[in-house]
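**Q** The numbers in UniProt numbering rise by one with no breaks, and the one at position 623 of the sequence shown is 623. Note that the Cβ used here is the ideal one computed from N, Cα and C, for glycine as well. Being a predicted model, the structure only gives us computed values, none of them experimental.
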Amino acid sequence: MKTLRVQGAREHNLKDISVEFPRGGLVVISGLSGSGKSSLAFDTIYAEGQRRYVESLSAYARQFLGLMEKPDVDYIEGLSPAIAIEQKTTHRNPRSTVGTVTEIYDYLRLLYARVGQPYCPTCNIPIEEQSVDQILETVLHLPEDSRLLVLAPMLKNRKTEGQKLFEDARRSGFSRMRINGEEHLLEEDIRLDKRYKYNIEIVVDRIRLTAESRRRLSDAVETALELSGGKVQLSISAGSGPAQNEEKDAEPQAQELFFSEHNSCSECGYSLPELEPRLFSFNSPIGACDHCSGLGRLFEFDFELLCPDPEATLKESLLQLHRIDSSRWYRSLFGALSEAWGFSTKDSWSSLSKNVQDKLLYGSDEQISFRYRRMHGGTSTQKLKFPGIFADLQQRYKDADSERMRTWFEEYMRQTNCPSCKGQRLKQGALSVYLHSGPALPRKSIIDLCSAPISEARAFVSELALSPARQQIASQILKEVQARLGFLESVGLNYLSLERSAATLSGGEAQRIRLATQIGSQLTGVLYILDEPSIGLHQRDNQKLIDTLLHLKSLDNTVIVVEHDEQTLRVSDYIVDMGPGAGVHGGFVVAQGPPAKIMRVKESLTGQFLSGKLLIPVPKPEQRRTGNGSFLELRGASEHNLKNVDIQISLGTMTLITGVSGSGKSTLLEDVLYPAVFNALKQGKKRQVGKFHSLSGCEKLKKVIRIDQSPIGRTSRSNPATYVGAWTPIRELFAALPDARARGYATGRFSFNVKGGRCEACEGGGTQRIEMHFLPDVHVTCDVCNGKRFNGETLEVRYKGKNIHDVLEMTIEDGVEFFSAIPQVKAKLDTLSEVGLAYMTLGQSAVTLSGGEAQRVKLASELSKRGGNNTLYIIDEPTTGLHFADVKKLLEVLQNLVEKGSTICMIEHNLDVIKQADYIIDMGPEGGAEGGMIVAKGTPEQLAQEQTSYTGQFLKEILHDAG
Numbered sequence: 001m002k003t004l005r006v007q008g009a010r011e012h013n014l015k016d017i018s019v020e021f022p023r024g025g026l027v028v029i030s031g032l033s034g035s036g037k038s039s040l041a042f043d044t045i046y047a048e049g050q051r052r053y054v055e056s057l058s059a060y061a062r063q064f065l066g067l068m069e070k071p072d073v074d075y076i077e078g079l080s081p082a083i084a085i086e087q088k089t090t091h092r093n094p095r096s097t098v099g100t101v102t103e104i105y106d107y108l109r110l111l112y113a114r115v116g117q118p119y120c121p122t123c124n125i126p127i128e129e130q131s132v133d134q135i136l137e138t139v140l141h142l143p144e145d146s147r148l149l150v151l152a153p154m155l156k157n158r159k160t161e162g163q164k165l166f167e168d169a170r171r172s173g174f175s176r177m178r179i180n181g182e183e184h185l186l187e188e189d190i191r192l193d194k195r196y197k198y199n200i201e202i203v204v205d206r207i208r209l210t211a212e213s214r215r216r217l218s219d220a221v222e223t224a225l226e227l228s229g230g231k232v233q234l235s236i237s238a239g240s241g242p243a244q245n246e247e248k249d250a251e252p253q254a255q256e257l258f259f260s261e262h263n264s265c266s267e268c269g270y271s272l273p274e275l276e277p278r279l280f281s282f283n284s285p286i287g288a289c290d291h292c293s294g295l296g297r298l299f300e301f302d303f304e305l306l307c308p309d310p311e312a313t314l315k316e317s318l319l320q321l322h323r324i325d326s327s328r329w330y331r332s333l334f335g336a337l338s339e340a341w342g343f344s345t346k347d348s349w350s351s352l353s354k355n356v357q358d359k360l361l362y363g364s365d366e367q368i369s370f371r372y373r374r375m376h377g378g379t380s381t382q383k384l385k386f387p388g389i390f391a392d393l394q395q396r397y398k399d400a401d402s403e404r405m406r407t408w409f410e411e412y413m414r415q416t417n418c419p420s421c422k423g424q425r426l427k428q429g430a431l432s433v434y435l436h437s438g439p440a441l442p443r444k445s446i447i448d449l450c451s452a453p454i455s456e457a458r459a460f461v462s463e464l465a466l467s468p469a470r471q472q473i474a475s476q477i478l479k480e481v482q483a484r485l486g487f488l489e490s491v492g493l494n495y496l497s498l499e500r501s502a503a504t505l506s507g508g509e510a511q512r513i514r515l516a517t518q519i520g521s522q523l524t525g526v527l528y529i530l531d532e533p534s535i536g537l538h539q540r541d542n543q544k545l546i547d548t549l550l551h552l553k554s555l556d557n558t559v560i561v562v563e564h565d566e567q568t569l570r571v572s573d574y575i576v577d578m579g580p581g582a583g584v585h586g587g588f589v590v591a592q593g594p595p596a597k598i599m600r601v602k603e604s605l606t607g608q609f610l611s612g613k614l615l616i617p618v619p620k621p622e623q624r625r626t627g628n629g630s631f632l633e634l635r636g637a638s639e640h641n642l643k644n645v646d647i648q649i650s651l652g653t654m655t656l657i658t659g660v661s662g663s664g665k666s667t668l669l670e671d672v673l674y675p676a677v678f679n680a681l682k683q684g685k686k687r688q689v690g691k692f693h694s695l696s697g698c699e700k701l702k703k704v705i706r707i708d709q710s711p712i713g714r715t716s717r718s719n720p721a722t723y724v725g726a727w728t729p730i731r732e733l734f735a736a737l738p739d740a741r742a743r744g745y746a747t748g749r750f751s752f753n754v755k756g757g758r759c760e761a762c763e764g765g766g767t768q769r770i771e772m773h774f775l776p777d778v779h780v781t782c783d784v785c786n787g788k789r790f791n792g793e794t795l796e797v798r799y800k801g802k803n804i805h806d807v808l809e810m811t812i813e814d815g816v817e818f819f820s821a822i823p824q825v826k827a828k829l830d831t832l833s834e835v836g837l838a839y840m841t842l843g844q845s846a847v848t849l850s851g852g853e854a855q856r857v858k859l860a861s862e863l864s865k866r867g868g869n870n871t872l873y874i875i876d877e878p879t880t881g882l883h884f885a886d887v888k889k890l891l892e893v894l895q896n897l898v899e900k901g902s903t904i905c906m907i908e909h910n911l912d913v914i915k916q917a918d919y920i921i922d923m924g925p926e927g928g929a930e931g932g933m934i935v936a937k938g939t940p941e942q943l944a945q946e947q948t949s950y951t952g953q954f955l956k957e958i959l960h961d962a963g
C-alpha cells in the first residue's frame, strides 16, 4: 500500500475525520493551537502503531507492558512501525549528558582505553611499560626496614562468591587473601554475598625491606605479576619493632602502591590502574571522582543566600532553615550556644564578633551541654561538639528523604565546581590519558574532548595521530564516533558539547538529539512522528534540520511533522491543515494536499498565510518606539560563553535578543539580566547571578517578571483557572449560593486541595496514579468519582444549572460567556482568551500543557493584574507552538502591553515577531565558544543592513518583500 489512511478518528476534539496521505513522504500537520494536530499525529496514529506493536509481542512480554487502549478511530491502513520523537526532556538525571544520551561517550571511553597514551601528572612524561627490574628499582628506594605486603590483585570492584578463586589459591600454595582491605586465612570458611562488589588480592609474600631481601622481593613481584596478568600491589607500613612474620598482621593505615607492567612512571613511580572503559566512566566507582561521586559539581550552602541582610536578626536570616520556633531540638541547642558564646538569636549578624561568626558557621571543638524537652514529655540532656551551620545543613540536605525538602534546601545553595576534580568528574588516572591529533591541535584528555564544541571535537577525532597498529585497533570506534558527531552537526547542534548536562537542554534541543540518534540507526520503512523540531532554531540552522528530515525520507521512511515553520511547510510533500478553530471549534480537516493546493483553499488559514493573502504587517520605521527616555544598562556580562557583553535597553520598548542557537541569548537574559534586576529591586530572596560588572537604571522600574516555558504546576490538580486566580472567586461564588449556604458549605468545600468536598479516593485529582515497575507511572480515572474530583453532595450545588465539575470542564471561551456577570472571573478568563488559549478547559491538568501553553498561561496571569506600568517582562520564545494566526494575536497583546508603559525584552527566532520589534540585539556570530558577542544592534531596518548578521540577512528578505 502506497498511502497511509486514517478513517473515522474521534480522539479528543477530532470530529470523526478521515485523512489519507502518501507513505514515503514528508507530511506536515498544521493548524491553530488546539485544532487537533497532536490528537491526530500522536494520540491516534502513533498510539495505534504502538498498540499493534505491543500486541505482536508474546504474552510473557505483554504482562510487563500492560494493556494499551485502542485510540478512538475506526481503522488505520498502511501503518508502519512508528517512532515518536517528542519535545519531552526525560533526562533530568545530573549524570546524563549529551555524550551519554547519544552513546558517543561510550565509544570515547573504549577509544581512550584501547589507544590512549597515559602521562604522568607530576612529571608530564609518557608512562610506558614497566619491567620487573623497573618496579623493583622503585620499591627498593623506599625507606629501609619498611614492611611490605606483596599482593596480586585478582578482582577489582566485582560481584562474586569467590569460592573458585579461593580454591585455586589454596591449590597454588597460598595461605592468605585480602578482601576489601581485610586479610583472611584461606583455611577459614570465607563466605561472600554475590550481591555486593569486592576487591580481592592474593597475599603473595610478607617482606621486611633490607639489602638482603631483594631476591625474595623479586620472586614475590614476579609471582604476583604472573598471577594477576601484569599487576602487583604493595601495602607498605613503617618498620618498627620486630620483623614482620607470617603470624603478625599488617599494620593499619598502610600506604598502597599499585604497579603495572604497562602503566607506571619511570621517574616518580606514579602508577595508573589498568586502562579499561570503566576507568573513564563518571558513573562507575572505578573512574568517578571520589569527592563528588562523578557529578563534577557540589551543592554547597551559600552565606549570602542564608543571610541576605546582615542587619536582620539571626532568627530571621541565618537560622531560618533551623526553624527554631517549631523545633525543640534547635531551639535548645542555639539557646545553649548563645549562652556559651555570648550572643542572642535576636542579634544581627553584623553585630557579632569575628570569633562568634566563625564558630557559628564552621563549628567548634568545645563540648556544648544543653537540655531539651521531648515531644511526649520529660527532658533530655545532650553533650555535643557543634559542627557549624554549614556542616549541619549539609548533613540535613544529604539525609533529606523527599524531593520537596531537597528543593527547599537547594534554594539556599549554590553549585560549585568540585575542588578535587575541578569539575571534570573523573579521577586523576583517567584525566592523565591523552590522545594526540594534528600539529595545530594539542593533546586532549577525554574530558577535554567532551568539553569542546561538537564541531571542534569532530575535527580533533578526524585528525588523530595514531601508529599503524593503533589505527587498526581504533578504526571501527573512530568510524562510529565521527558518524554520530556528524549527525549532531547535521541537525544544527554543532555548538553543544558532549559534557553538557541533558537536564539543561531545551525541548527542541533534546528532540533534535534524538532525531540525530535515529539518523544513525539507518532504519527504513519506519513511520517517524515529530513534534515541532524547529523550536529554538535560528533560520540559518533550520535548513540543516530540513535536510535531515529529507534524508530520513530518502531512506524510504514516512516522516510526519507537527509544525508551524514556514520553510518546513513549503518543502513538504503533503500538508494536512487542521481547524478551522481551536478546541471544540477545531478537529476538522480544513485542507489536505501539496503546499500549492493548500494555498488555493480560502478556508485554510495556513494556506492563506503561505500564499501571502494573510500576513503580519511590518510597522513603518517612524512607528517604532524609542522609549520613555530611561535606559537599563548592563555592563561586562561574562557568564558561560559571553565575552564581556554590554547592553542598553530603552525602557518602554519591545527589545528582542536574537542570534543563532547557542550564541548566548538565554545566558545573557535569563542567567544574568533577570536575576541581577530581581536582586536590585529586592523583590524576594536573593537569586544566583551570572558574572557581570555593573547594572544601572533599575530605579526606573517597579518590578521584573520572567515568563519562561517551565510547567505551571507539577500535579494534576494544577490548572489554568487556579494559576491565573479565577478559581478562588468561582469557589466564593458557589459558596454564596442559597443551596450551599443552607447546607453550611464554606469556600473550602469547593476546593480539590483540601478535605471536605473533594473526592478522597483520588484526593481531588480526578485520577489515581498506578506505579509501574521499570515503566513510567500510569494515571487512570478515579473509579469513585469518575474523574469529577468532588463528592456527590458537593456536586449537587449548581449555578445556572452547572455544578463545580461542569465548570472545570468548560472551555475558557464558554467560561467568558457563562461568568459574564461576575467581573472578577470574566477578567481573568478574558486574558487567557487574549493570548490564544480560548480552546483550553478551565480545569485542564497542568501536566498536559506544552511549554508554549504554560508560558501563555503565565503571560495571561500577569496581564490580569493591574498596575503593570514600569514593569520589565523577560520572555523566552513566546511563539513556541503557535500558528501564524496565533502569533498575530499574541503580538497584539504584547504591543498593547508596551503601549501601557511596560518594557518587553524577549528571546525570539520568529521573523514575524522580529520585524515588529522596536530594537534588536543580535548575538553571535556562531554558537558555543565562537558566540557570546553582539554582532549587530538597532532597529529591524538597521539590522537588515548588517552583512555580518545572519538574522539581518533573513530580515532583509522579509522587509524587502513587505516593501
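1) If you check the beta carbons only, do Y574 and V73 fall under 8 Å apart?
2) Are there 16 or more other CB atoms within 10 angstroms of the CB of K359, so buried, or fewer, so exposed?
3) Have a look at L185, I454, F282, F734 and flag the residue whose alpha-carbon is nearest the alpha-carbon of S497.
4) Can you have a look at I135 and say buried or exposed, based on whether 16 or more other CB atoms are within 10 angstroms of its CB?
5) With distances taken from CA atoms, which of D912, I616, A41, Q511 is nearest V589?
6) Note down the Cα distance separating S338 from E300, rounded to an integer number of angstroms.
7) For P118, count neighbouring C-beta atoms within 10 Å of its own C-beta (all shown protein chains included) and say buried if the count is 16 or more, exposed if not.
8) Whole angstroms are fine: how far does the CA of V461 sit from the CA of E639?
9) Does the Cβ-Cβ distance between L275 and A113 come in under 8 Å?
10) Between the alpha carbons of G241 and I200, how many angstroms are there, rounded?
11) Could you give the distance in angstroms between the alpha-carbon of M413 and the alpha-carbon of L305?
12) Should A637 be labelled buried (16 or more other beta-carbon atoms within 10 Å of its own) or exposed?
13) Among A457, V797, L669, which residue has its Cα nearest to the Cα of E499?
14) Taking only the alpha-carbon atoms, compute the straight-line gap between A591 and V913 and give it to the nearest angstrom.
15) Can you tell me whether DSSP reads Q608 as helix, strand or coil?
16) Quick one: what's got a C-beta closer than 6 Å to E11's C-beta in the same chain, skipping five residues either side?
17) Of the choices E311, A746, L148, whose alpha-carbon is the least far from that of D347?
18) Would you mind reading off the limits of the alpha helix (DSSP H) that contains G49?
19) CB-CB under 8 Å to L555, same chain, minus the five flanking residues each way: which ones, in chain order?
20) Relative to the alpha-carbon of K702, which residue among E563, S281, N679, K889 has its alpha-carbon at the smallest distance?
21) Across which residues does DSSP place S264 in a beta bridge pair?
22) Going by DSSP, what residue range makes up the beta strand (DSSP E) through N157?
23) Quick one: any contact between the segment 628-636 and the segment 703-710, if contact means 3 or more CB pairs under 8 Å?
24) Roughly how many angstroms lie between the CA atoms of L79 and P22, to the nearest whole one?
25) What residues match up with L384 in a beta bridge as DSSP calls it?
26) Mapping the DSSP letters down to three states, classify K788 as helix, strand or coil.
27) Considering just the uninterrupted stretch of the alpha helix (DSSP H) at P114, what are its terminal residues?
28) With DSSP as the reference, identify every bridge partner of E183, one or two as the case may be.
29) Whose C-beta lies closer than 6 Å to the C-beta of E862 among residues of the same chain, with five residues either side of it excluded?
30) What's the gap between the Cα of H773 and the Cα of A47?
31) Taking its Cβ as the centre, do 16 or more other Cβ atoms sit within 10 Å of G492, making it buried, or is it exposed?
32) Classify Q244 as buried or exposed, calling it buried when 16 or more other Cβ atoms lie within 10 Å of its own Cβ.
33) Which of the three DSSP states, helix, strand or coil, is assigned to P617?
34) First and last residue of the beta strand (DSSP E) that includes R706?
35) Check whether the segment 212-230 and the segment 129-148 touch, using three or more Cβ-Cβ pairs below 8 Å as the test.
36) Please indicate yes or no: does the CB of L615 lie closer than 7 Å to some heavy atom of the ligand GDP?
**A** Reading from the atomic positions:
1) no
2) buried
3) I454
4) buried
5) A41
6) 25 Å
7) buried
8) 28 Å
9) yes
10) The pLDDT assigned to G241 is 43, lower than 50, so where the model puts this residue is not dependable, and the model offers no usable value.
11) 7 Å
12) buried
13) A457
14) 26 Å
15) helix
16) S39, D43, T44, P71, D72
17) E311
18) 47-55
19) Q522, L523, T524
20) N679
21) E128, S271
22) 147-159
23) no
24) 11 Å
25) I368
26) coil
27) Just to set this straight, residue 114 is Arg in the shown sequence, not Pro. Segment 104-115, the alpha helix (DSSP H) holding R114.
28) R178
29) I705
30) For H773, the predicted structure reports a pLDDT of 48, less than 50, and the residue's modelled location is therefore unreliable. A value from the coordinates is still provided. Each residue's Cα considered, the two are about 21 Å apart.
31) buried
32) Bear in mind that the predicted position of Q244 carries a pLDDT of just 41, short of 50, making it too unreliable to give a figure here.
33) coil
34) 703-707
35) yes
36) Among the components of this structure there are no ligands whatsoever, and the ligand GDP is therefore not found.
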